[in-house]
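With the working numbering as the guide, the letters of the sequence shown map in order to residues 1 to 676. Every residue, glycine too, gets a C-beta built ideally from N, C-alpha and C.
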Amino acid sequence: MKVTYNWLKNFVDLKISPKELAEKLTMAGLEVVGLEKAGDDFVLEVEITSNRPDWLSVLGIAREVSALTGLKLKTTGFKEPKIKPKDFSPIKISVASKQDCPFYSARIMSGLAVGPSPEWLKNRLEALGCRTVNNIVDITNYCLFELGQPLHAFDLDKLPQKEIRVRRAKPEEKIITIDGQTRLLNPEILVIADTHHPIAIAGIMGGRETEVTFKTRNILLESAVFNPVLVRRAKQKLGLQSESAYRFERGVDLEGARQASRAAQELILKLASGKACGSKSLGATKAITPAINLEIAYLNKLLGTAISGPKAKQILSRLGLAVKTKSRNILTVKVPSFRQDLRLPVDLVEEVARIYGYEQIPQTLPAVKPGRKAPDDRDLIAVMKNILCGLGLSEAITYSLIDRHLLKQSGINIDTGLVEIANPLSREQEILRPGLLPSLTRALAYNLDQQQEKVCIFEIACAFSGQPAAVAEKPLLGIALCGVNTFFTKHGLAKDEITLLHLKGILETLFVRLGIKDFDFAGQPDNKINIMINQKPAGFLLKLAPQILGAFDIKNRQVVLAQVNLERLLKEVNLARKFLDIPKYPAITRDISFLINEDVSVKELLGAIQAKGAPLLNQAKIVDYYRGKQIPLGFRGLTVSCLYRQDNRTLTEDEVSPVHNSICSLLTERFGIKLR
């Protein structure tokens, strides 16, 4: 929007230069993007944000200037002229929907002398880039720019029935607008109509048929409030932009609509002679505005200032807000109708900050916050779920209530310690589950029955035991797997059913990522494996027996399950991560390939290598595992890759070779390996 410096001086006795004014407005959030000299005046181009339609007028910007400079805002009241009974001209108005048009007013003026506008009026409009037409049209545009309220004047003599109807357009209805274009309308567009057809597109542009010309003697002056959404949609539909639409689509002020109508009438009667012949309005009589309580302590806490109550009151009052002191620390602010953006206390804090000056708010470094608190069980469970989902599992949620038949179906024969429901809704919900695996097995069987080739699911929930009066809850992790290992099929290899070893690998990965160091698996990999955490039992892995698979109608498939005690697991979780510098010196890598008895623990083997190779040995890991015809029965082929590196220098072959040879000797003597 553009505004002239001299026009602002009509409202505020400015003592500062246009450049200083532009800087002040910009610092307060009303960005001045252009400043040009125009004769003896200056034109400021201001960037208006969509939430501040009150700035779309000279008065709105002058109000801001008054608040920033502390200078008094000069406003003029407009009185209604006395109308003689003989001069009264009746007009009929109807509004189809108050939602479409909350307020509509019409003023009748007669005996006007329509002609060119005076030079001062032309100059002001032309400085803002507005084309002058005649004194009546120019006055409506002048009031639009000065007060922010769009107005429109109709030639009254071209309304033979003296009737205005505000309604939606009819299908295929047309109007020729004042720009000479024929516009095709539809029921989504709001129009101003006479008894027969549209005479204006509401809030956007008038029609050519009723426009004011130099032959006009009597006019109807419209001032209204139209639904912003309707105006915006109509503007987009018709591809029609105007200064009026720009303001209506952002929302205009009800009180401003009344004021602008009176101001325009006074100026028309002054510049075009004539007389007032009455007015009529429909709709809201008064704008409903909120009252907001602002605590001074809250204001200073947000801003980091020590602004006093009287100072805050003074700032808000200068912005045109009605402020009362409710108590020593609380201000009650009555929001005026032109400030539709103020709804919360924080909005008032922003207003105080803008006018007080952001540059006056002391700079403070952000407070140093203490380190993040240790994660609670919910955080850790969320981490676990993410890890398991990343490993290709899907989370299942099953009912806590089950029936006894499901336990027998799962091969669990227990009658004591079950928590029975006194009044179950059905036989399928007669007890609280003592574990997760029966429910997970049923869920897995259901998915297989739905033609799912691979089912990998987990659940984190509670199992129950004890008596109804003293029920014990135990959080558990349950996992159920069935299907083909997709790694082999993707690489064109033979199909390989998921086994206990695959499930063991999933749990190992989970434990490692959770930072659990002391864990182990004990038992036969073909039947059942016990989970040990910190040398204490923490769960088990098992393969379902054929008779249980038959009970669930699972045919020709292998199902493996795991259940982990979460209480034991969560106590050992350590998510702290230690980050190492990127190595500065190169490493030397040596591999050891050998045969070793299947009974030897790989974990123990790697631990012995790491201890023997310290401090030069940086890492030892299994890179190859082989079983086949070339390997003797009871043995397996392994390849261990040993990486030697120091952080402060480059190692030589002479240093590494003795250490590597000592590792080979240790493996031969202690574990009975056969080097390959």
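Asked	Found
Hey, could you find the ends of the alpha helix (DSSP H) Lys603 is sitting in?	602-613
Excluding sequence positions up to five away, which residues of its chain have a Cβ less than 6 Å from the Cβ of Asp155?	Thr210, Val212, Thr216
According to the Cβ coordinates, are Leu30 and Trp55 closer than 9 Å?	yes
Name the residue from Arg339, Leu185, Leu401 whose alpha carbon lies nearest to the alpha carbon of Leu425.	Leu401
For Thr182, report the span of its beta strand (DSSP E) as first-last.	182-184
Take the Cβ of Asp194 as the centre, count every other Cβ of all protein chains shown within 10 Å, and call the residue buried at 16 or more, exposed below.	buried
Does the Cβ-Cβ distance between Lys122 and Asp138 come in under 9 Å?	yes
My guess is that Val58 and Glu146 are in contact by the Cβ rule of under 8 Å, so how many angstroms apart are they, rounded?	5 Å
Would Pro586 and Thr652 be called neighbours here (beta carbons separated by less than 9 Å)?	no
Check whether the Cβ atoms of Ile592 and Leu667 sit closer than 9 Å, and answer yes or no.	yes
For the alpha helix (DSSP H) that Met27 lies in, which residues bound it at each end?	18-27
If we call anything under 9 Å between Cβ atoms a contact, is Lys621 one with Leu605?	no
With DSSP as the reference, label Phe42 as helix, strand or coil.	strand
With 16 other CB atoms within 10 Å as the buried threshold, where does Tyr246 fall?	buried
I need the straight-line Cα distance from Glu669 to Leu633, nearest angstrom please.	21 Å
Could you tell me the distance, in whole angstroms, from the CA atom of Ser657 to the CA atom of Pro546?	54 Å
So, is Gly492 buried or exposed, given that buried needs 16 or more other C-beta atoms within 10 angstroms?	With a pLDDT of 46 at Gly492, under the threshold of 50, the modelled position of that residue is not reliable, and no figure is offered here.
Output the boundary residues of the alpha helix (DSSP H) element that contains Asn6.	5-9
On the DSSP bridge list, what partners appear for Thr177?	Gly207
For a test of the three-state rule: what should DSSP assign to Phe488, helix, strand or coil?	For Phe488, the predicted model reports a pLDDT of 48, less than 50, meaning its position is unreliable; a value from the coordinates is still stated below. Helix.
Between Lys326 and Lys334, is the Cβ-Cβ spacing less than 9 Å?	no
Would you decide whether Cys389 is buried or exposed? Buried here means 16 or more other CB atoms lie within 10 Å of its CB.	exposed
Consult DSSP for Ala312 and reduce its assignment to one of helix, strand or coil.	helix
Return helix, strand or coil for Phe248, following the three-state DSSP convention.	helix
Restricting to Cα atoms, I'd like to know which of Lys15, Ile178, Pro90 is closest to Leu68.	Lys15
How do the segment 558-575 and the segment 528-542 stand: do at least 3 beta-carbon pairs fall below 8 Å, yes or no?	yes
Considering Phe671, what are the terminal residues of the alpha helix (DSSP H) in which it resides?	653-671
Among residues of its own chain, excluding the 5 on either side of Thr289, which ones have a beta-carbon nearer than 7 Å to its beta-carbon?	Lys334, Val335, Pro336, Ser337
Taking Gly435 and Glu459 to be in contact with their CB atoms under 8 Å, please state how far apart those CB atoms are, rounded to whole angstroms.	Rounded, the Cβ-Cβ distance is 11 Å, inconsistent with contact.
Decide if Ile397 is buried, meaning its Cβ has at least 16 other Cβ atoms within 10 Å, or exposed.	exposed
Spatial neighbours of Ala96 within its chain, please: CB distance less than 6 Å, with the 5 preceding and 5 following residues excluded, ordered by chain position.	Arg167
For His197, which three-state DSSP category applies?	coil
Starting from Pro475, follow the beta strand (DSSP E) in both directions and report where the run begins and ends.	470-482
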